[in-house]
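*Asks:*
Residue numbers (the numbering used here): 1 to 329.
This is the structure in structure tokens:
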């Protein structure tokens, strides 16, 4: 059994993704500083989390003390529109398999990473945790959102029935090192960073942006998400439960500040050195009009984001430039 100042064996599901890899980096820094943490990871080729039998065997053999469930099938509006069955099936299967087998293996703590898309399309702004399941979801990513809602309810249900300590954090739009920079299947920040970079390289006079540019979005650097995740994971159980309810236990993670898509594009144009015109293709969907997280619950628990948007975008762009030969494209 781990000692009181050690997390013990920590399984990070999805360690190659943007958030999972950032969490691994942070744990490795803590290991180097002398903390007794044993990291456990598996690639998709080594362990398919949608395979119930494989996941069952893995947990029975490894018996981790703590699980961070960062594995997910993710993508932007186009990917969600094109592959709705993949998004709901793969995410549901991963969540069900990992959470159930964690319970069977006696995992002490589990942290499930969700998404701000769980909230209704016209949720009050900023979106409080209590707005969950109070309205219709945004149609472009409804299958993914339903899967993430199911993950929250899985954690809550196991806590209620079995007394487990499974927690959920719901990040706003994330960006940063090791993001997916695919030109069409990625999220808005990496897609824009690549598009503007390529426009500069090609000497283009304009860059086309999907939608009207008026929707408002909140963006969180992955390093801030990592710190918030570990803060919630390691918070004393009494302190955690004092700020949540048995059937409303998830916690929003964000900056509490949003910008329009136009403002985001203008900032990225400045960072990449693009001097041309921004053209907004209004035939493309805007998605949810506004998505700002109410982060007061997490602030009351003692954590706030520290990386500003311009600073974070510069960091993400520098990572892209340094890793352009190996980024996911």
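Built from N, CA and C at the ideal position, the CB exists for glycine as well.
Residue range of the alpha helix (DSSP H) that residue 197 falls in?
*Replies:* On the chain shown, residue 197 is found 197 positions in, with the first residue counted as 1. 188-202 is the span of the alpha helix (DSSP H), which, as asked, contains residue 197.
*Asks:* From what residue to what residue does the beta strand (DSSP E) around residue 8 run?
*Replies:* On the chain shown, position 8 is the one that residue 8 refers to. Per DSSP, residue 8 belongs to the beta strand (DSSP E) from 8-13.
*Asks:* Using CA atoms only, rank isn't needed, just tell me which of 19, 323, 324, 10 is closest to residue 169.
*Replies:* For the purposes of this step, residue 169 is identified with residue 169 of the chain shown, where counting begins at 1. When each option's Cα is compared against that of residue 169, the closest is 19.
*Asks:* Roughly how many angstroms separate the alpha carbons of residue 36 and residue 273, rounded to a whole number?
*Replies:* What you label residue 36 is simply residue 36 of the chain shown in a count that begins at 1. What you label residue 273 is simply residue 273 of the chain shown in a count that begins at 1. For residue 36 and residue 273, the distance between alpha carbons rounds to 45 Å.
*Asks:* Compute the Euclidean distance between the alpha carbons of residue 307 and residue 173, then round it to the nearest angstrom.
*Replies:* If you number the chain shown from 1, residue 307 lands on position 307. If you number the chain shown from 1, residue 173 lands on position 173. Using only the alpha carbons, I get a separation of about 14 Å.
*Asks:* Going by alpha carbons, who is nearest to residue 126 out of 54, 167, 217?
*Replies:* On the chain shown, residue 126 is found 126 positions in, with the first residue counted as 1. The candidate whose alpha carbon is nearest that of residue 126 is 217.
*Asks:* Between the stretch 198-218 and the stretch 80-89, can you find at least three pairs of beta-carbon atoms closer than 8 Å?
*Replies:* Contact fails: fewer than three Cβ-Cβ distances are below 8 Å.
*Asks:* Looking only at its chain, what residues have a beta carbon closer than 6 Å to the beta carbon of residue 11, apart from the 5 residues adjacent to it on each side?
*Replies:* By 1-based counting over the chain shown, the position of residue 11 is 11. Excluding sequence neighbours, residue 11 sits near 40, 64, 67.
*Asks:* If residue 102 sits next to residue 110, beta carbons under 8 Å apart, how far is it from one beta carbon to the other, in whole angstroms?
*Replies:* Here residue 102 refers to the residue found at position 102 when the chain shown is read from its first residue. Here residue 110 refers to the residue found at position 110 when the chain shown is read from its first residue. At roughly 5 Å, the Cβ-Cβ gap stays under 8 Å, so residue 102 and residue 110 are in contact.
*Asks:* On the criterion of 16 or more Cβ atoms from any shown chain inside 10 Å, does residue 294 qualify as buried, or is it exposed?
*Replies:* Position 294 of the chain shown holds residue 294. It is buried - the Cβ of residue 294 has at least 16 other Cβ atoms within 10 Å.
*Asks:* Within 8 Å, do at least three Cβ pairs link the stretch 151-170 to the stretch 46-54?
*Replies:* The stretch 46-54 vs the stretch 151-170: no contact.
*Asks:* Verify whether the separation of the beta carbon atoms of residue 27 and residue 42 is less than 8 Å.
*Replies:* Counting from one through the chain shown, the residue named residue 27 turns up at place 27. Counting from one through the chain shown, the residue named residue 42 turns up at place 42. Not a contact, by the Cβ cut-off of 8 Å.
*Asks:* The beta strand (DSSP E) with residue 251 in it runs from where to where?
*Replies:* Numbered from 1 along the chain shown, position 251 holds the residue referred to as residue 251. Residues 251-253.
*Asks:* Whether or not the stretch 236-247 and the stretch 185-199 are in contact is what I'm after, with contact meaning three or more pairs of Cβ atoms, one per stretch, closer than 8 Å; do they touch?
*Replies:* Because the criterion of three Cβ pairs below 8 Å is not met, the stretch 185-199 and the stretch 236-247 do not touch.
*Asks:* Spatial neighbours of residue 208 within its chain, please: CB distance less than 6 Å, with the 5 preceding and 5 following residues excluded, ordered by chain position.
*Replies:* Stepping through the chain shown from its first residue, residue 208 is reached at position 208. For residue 208, where only same-chain residues beyond five positions count, the Cβ hits under 6 Å are 279, 281.
*Asks:* Quickly, what does DSSP pair residue 221 with across the bridge? List them, please.
*Replies:* Sequence index remark: in the chain shown, residue 221 carries index 221 (1-based). Note: residue 221 sits in a beta bridge opposite 175.
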